[in-house]
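Undergrad: Please find one structure pasted underneath; my questions will follow.
This is the structure:
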């Protein structure tokens with residue numbers, strides 16, 4: 001075998017060895033880190049709150065349906081059986097339970113209903129609830145239509161990757177796993193940099 | 001996003017996107033993709049979740065680091081290192097943001 005070919009084989013073996021070593025390190029370290037905490041709950045259950053329901057003189061705002069489906073025909077039905085009056089204290093939290101907040105999405109259907117004996121529906125609207133918190137500021141009613149503005153903010157799940165609770169040593173361990181994992185990468189980079197002329201990666 | 005998925009994602013993005021630039025040095029490119037992923041992903045995950053650092057600085061830092069790494073460890077050519085680092089890190093940070101919400 002020519003010296004040049006020998007050298008290439010040596011370089012190839014070296015790189016393959018580095019590749020497998022790093023793969024093993026990555027798998028081991030990250031699996032360990034994931035066991036300590038999970039970064040899966042990226043968004044919280046969305047919620048909607050109301051303000052200014054006192055401006056609805058002669059009307060009431062109802063949540064009339066709670067549905068998985070977008071194309072519900074329930075609003076066309078004059079006989080609304082499921083309803084809940086909205087006031088300033090009302091908070092609707094969309095939460096399916098379990099771990100997977102991402103799947104907790106709902107279409108909330110609202111109806112503006114006249115407080116007469118017939119209970120006429122004068123306005124309806126739908127709010128899609130997922131990942132965003134809504135705060136509805138109601139200004140009043142004009143020609144039977146609800147006048148409102150909607151403020152939205154992102155529904156962050158209140159969690160910390162690394163807990164500072166001293167009683168739970170897992171937080172500190174996780175932080176060190178992260179730091180060690182990152183440091184390993186940087187040390188390997190420095191190692192590759194220092195050895196670059198001998199290995200001839202370029 | 002779980003750390004292992006973030007790491008695998010970063011490695012795949014880097015490995016695939018480095019190949020058009022460094023096709024002849026593919027072994028070195030793969031090794032660099034793996035090691036830079038290992039170095040960067042845990043660090044930016046902890047920065048994202050535990051600090052309020054402006055991620056534009058992190059993004060720029062990642063690009064500068066990758067430019068230097070590509071230049072010194074794969075192939076000494078700025079014309080390859082700069083666009084490769086920019087494209088790869090832009091896609092990687094978008095992936096990171098989508099994954100972490």
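Residue numbers (my numbering), protein chains in the order written: chain Z, 1 to 202; chain G, 1 to 101.
Note that beta-carbon positions come from the ideal geometry of N, C-alpha and C, so glycine has one too.
Just so we're clear, the structure is a prediction, and the values are computed from it rather than from any experiment.
(1) Going along the chain, which residues of its own chain have a beta-carbon closer than 7 Å to the beta-carbon of residue 34/G, five neighbours each way excluded?
(2) Using 10 angstroms around the beta-carbon of residue 116/Z, count the other beta-carbons present and answer buried if the total reaches 16, otherwise exposed.
(3) Find the residues of chain Z that neighbour residue 31/G, judging by a C-beta separation of less than 8 Å, and give them in chain order.
(4) Determine the DSSP secondary structure at residue 38/G, reduced to helix, strand or coil.
(5) Here's the rule I'm using: 16 or more other beta-carbon atoms within 10 Å means buried, otherwise exposed. How should residue 143/Z be labelled?
(6) Per DSSP, which one or two residues make a beta bridge with residue 61/G?
(7) Comparing C-alpha positions only, which one of 76/G, 6/G and 52/G sits nearest to residue 24/G?
(8) Under the three-state reduction of DSSP, which class applies to residue 16/G: helix, strand or coil?
(9) If you draw a straight line from the C-alpha of residue 43/G to the C-alpha of residue 82/G, how long is it?
(10) Please state the DSSP three-state secondary structure of residue 27/G.
(11) I'd like to know if the stretch 3–21 of chain G and the stretch 46–54 of chain G are in contact, where contact means that at least 3 CB-CB pairs between them fall below 8 Å.
(12) Residue 6/G by DSSP, collapsed to three states: which one?
(13) If you draw a straight line from the C-alpha of residue 78/Z to the C-alpha of residue 93/G, how long is it?
(14) Can you name the residues of chain Z whose CB is closer than 8 Å to the CB of residue 20/G?
(15) Buried or exposed: which applies to residue 101/Z, given that a residue is buried once 16 or more other Cβ atoms fall within 10 Å of its Cβ?
(16) Could you work out which residues of chain G lie near residue 205/Z, taking near to mean beta carbons separated by less than 9 Å?
(17) Looking only at its chain, what residues have a beta carbon closer than 8 Å to the beta carbon of residue 17/G, apart from the 5 residues adjacent to it on each side?
(18) I'd like the span of the alpha helix (DSSP H) that includes residue 80/G, first residue to last.
(19) Should residue 18/Z be labelled buried (16 or more other beta-carbon atoms within 10 Å of its own) or exposed?
(20) Going by Cα to Cα distance, which pick from 133/Z, 13/Z and 63/Z is closest to residue 154/Z?
(21) Can you list the residues of chain Z that residue 180/G reaches, using a CB-CB cut of under 7 Å?
(22) Do residue 15/Z and residue 121/G have their beta-carbon atoms positioned less than 8 Å apart in this structure?
(23) What is the C-beta distance between residue 137/Z and residue 151/Z, in whole angstroms, given that I count them as a contact (C-beta under 8 Å)?
(24) If you measure beta-carbon to beta-carbon, which residues of the stretch 69–94 of chain G are closer than 7 Å to chain Z?
(25) So, residue 45/Z versus residue 94/Z, is the Cβ gap smaller than 8 Å?
(26) Rounded to a whole number of angstroms, what is the C-alpha to C-alpha distance between residue 19/G and residue 195/Z?
(27) For residue 21/G, which three-state DSSP category applies?
(28) Classify residue 24/Z: buried if its beta carbon has 16 or more other beta carbons within 10 angstroms, exposed otherwise.
TA: This is what the structure holds:
(1) Close CB contacts of residue 34/G within its chain, under the 7 Å cut and outside five residues either way in sequence, are with 11 (chain order).
(2) Exposed: under 16 other Cβ atoms inside 10 Å.
(3) Going along chain Z in sequence order, the residues near residue 31/G (Cβ under 8 Å) are 15, 18, 19, 22, 192 and 201.
(4) Three-state result, residue 38/G: helix.
(5) Counting of Cβ neighbours within 10 angstroms places residue 143/Z among the exposed residues, the total staying below 16.
(6) Note: residue 61/G sits in no beta bridge, so no partner.
(7) Selected option, being the one with the closest Cα: 76/G.
(8) Looking at residue 16/G - three-state DSSP - the assignment turns out to be helix.
(9) Between the alpha carbons of residue 43/G and residue 82/G lies a gap of roughly 22 Å.
(10) Here residue 27/G carries a helix assignment [DSSP, helix/strand/coil].
(11) Not touching, per the Cβ criterion.
(12) Reduced to three states, the DSSP call for residue 6/G is helix.
(13) Its pLDDT being 47, under 50, residue 78/Z is placed unreliably by the model, and nothing is read from it.
(14) Scanning chain Z for C-beta atoms nearer than 8 Å to the C-beta of residue 20/G yields nothing, as the closest lies near 17 Å away.
(15) Caution applies to residue 101/Z, whose pLDDT of 44 falls short of 50 and renders its modelled position unreliable; the value that the coordinates give is listed next. Buried is the call here.
(16) Lying outside 1 to 202, the shown extent of chain Z, residue 205/Z is not represented and no answer is given.
(17) Around residue 17/G: 84, 87, 88 and 91.
(18) It spans 78–100 - the alpha helix (DSSP H) in which residue 80/G sits, taken as one unbroken run.
(19) Buried is the call here.
(20) Nearest of 133/Z, 13/Z and 63/Z to residue 154/Z, Cα basis: 133/Z.
(21) Within the shown structure, residues of chain G are numbered from 1 to 101, placing residue 180/G beyond reach of any answer.
(22) Because chain G here runs from 1 to 101, residue 121/G falls outside it and cannot be looked at.
(23) Yes, residue 137/Z and residue 151/Z are in contact; Cβ-Cβ is about 7 Å, under 8 Å.
(24) Per Cβ criterion, the list reads 69, 72, 73, 74, 75 and 76.
(25) A contact, by the Cβ cut-off of 8 Å.
(26) In a straight line, the C-alpha of residue 19/G is about 22 Å away from that of residue 195/Z.
(27) Coil at residue 21/G, not helix or strand.
(28) The Cβ neighbour count for residue 24/Z, taken over all protein chains shown within 10 Å, is under 16; the residue is labelled exposed.
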